[in-house]
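Visitor:
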């Protein structure tokens, strides 16, 4: 019924991705299946710094904003003493996202954005403005995201992305 997308979370560098992909392919050997596509979840800052190298090997990518914010700013979003620093409103986060979108474009690879930011209409417009074409959100958030995108004649939530 089409390709299967395998997304590897918490990747820290190219070597780890290559090893995990190799293990997956080896474990799936002999199983009748269609085409497999292997992707990287960009949520650890070290992987973001190696985006060009990772996307040269991966078939696609996704930016996991919840963990990326937490790890980029070394803040526990569930700890009331420091949770105020857990915010997407910091320029450095937007620079990282912009760099990841650029790396995907250079590699000719698809890059989605997921996490709470992707479902917040306040941030969807900004994400669209820096080149994000696809967000992955829970189904209950799709109407709100589509309404914002429709204002600008864009489709940011498509089949299989919600």
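Residue numbers (this note's numbering): 116 to 277. Glycine included, each C-beta is placed from N, C-alpha and C at the ideal position. Just so it is clear, the structure is predicted and the values come from calculations on it, not from any experiment.
Quick test of the definition: if touching needs 3 or more C-beta pairs under 8 Å, does the stretch 160 to 173 touch the stretch 138 to 148?
Guide: No, they do not touch.
Visitor: Can you give me the Cβ contacts of residue 275 inside the same chain, cut-off strictly under 8 Å, excluding the 5 residues immediately before and after it?
Guide: Confidence in residue 275 is poor, its pLDDT being 45 and thus under 50, which makes the residue's placement unreliable; the coordinate value appears in the next sentence. Around residue 275: no qualifying Cβ.
Visitor: Counting along the chain, where does the alpha helix (DSSP H) carrying residue 207 start and finish?
Guide: It spans 206 to 222 - the alpha helix (DSSP H) in which residue 207 sits, taken as one unbroken run.
Visitor: I'd like to know whether the C-beta atoms of residue 180 and residue 203 end up nearer to each other than 8 Å.
Guide: For residue 180 and residue 203, yes; Cβs fall inside 8 Å.
Visitor: Tell whether a beta-carbon distance below 8 Å holds between residue 239 and residue 220.
Guide: Cβ atoms of residue 239 and residue 220: not closer than 8 Å.
Visitor: Using only CA atoms, which one of 177, 235, 171 and 210 lies nearest to residue 187?
Guide: Considering only alpha carbons, the answer is 210.
Visitor: Which first and last residues belong to the alpha helix (DSSP H) in which residue 197 is found?
Guide: Unbroken run through residue 197: none, as it is neither H nor E.
Visitor: Report the start-end ranges of each alpha helix (DSSP H) in the stretch 150 to 204 that is 4 residues or longer and not cut off at the edges.
Guide: You should have 160 to 164, 166 to 172 and 180 to 187.
Visitor: Looking at C-alpha atoms only, which residue of 258, 246, 175 and 222 is the closest neighbour of residue 234?
Guide: The shortest C-alpha separation from residue 234 is found at 258.
Visitor: How many angstroms separate the CA atom of residue 225 from the CA atom of residue 174?
Guide: Rounded to the nearest angstrom, the two C-alpha atoms are 8 Å apart.
Visitor: Can you look up residue 143 in the DSSP assignment and give me helix, strand or coil?
Guide: Note: residue 143 maps to coil in three-state DSSP.
Visitor: For residue 208, which residues of its own chain have a beta-carbon under 7 Å away from its beta-carbon, when the five flanking residues on both sides are left out?
Guide: Contacts found: 184 and 187.
Visitor: Can you list, in chain order, the residues of its chain whose CB lies under 6 Å from that of residue 200, leaving out five sequence neighbours each side?
Guide: Excluding sequence neighbours, residue 200 sits near 188 and 190.
Visitor: With 8 Å set as the bound, which would you pick, yes or no: does the beta-carbon of residue 131 sit closer than that to a beta-carbon of chain D?
Guide: Here there is only one protein chain, and chain D is not present.
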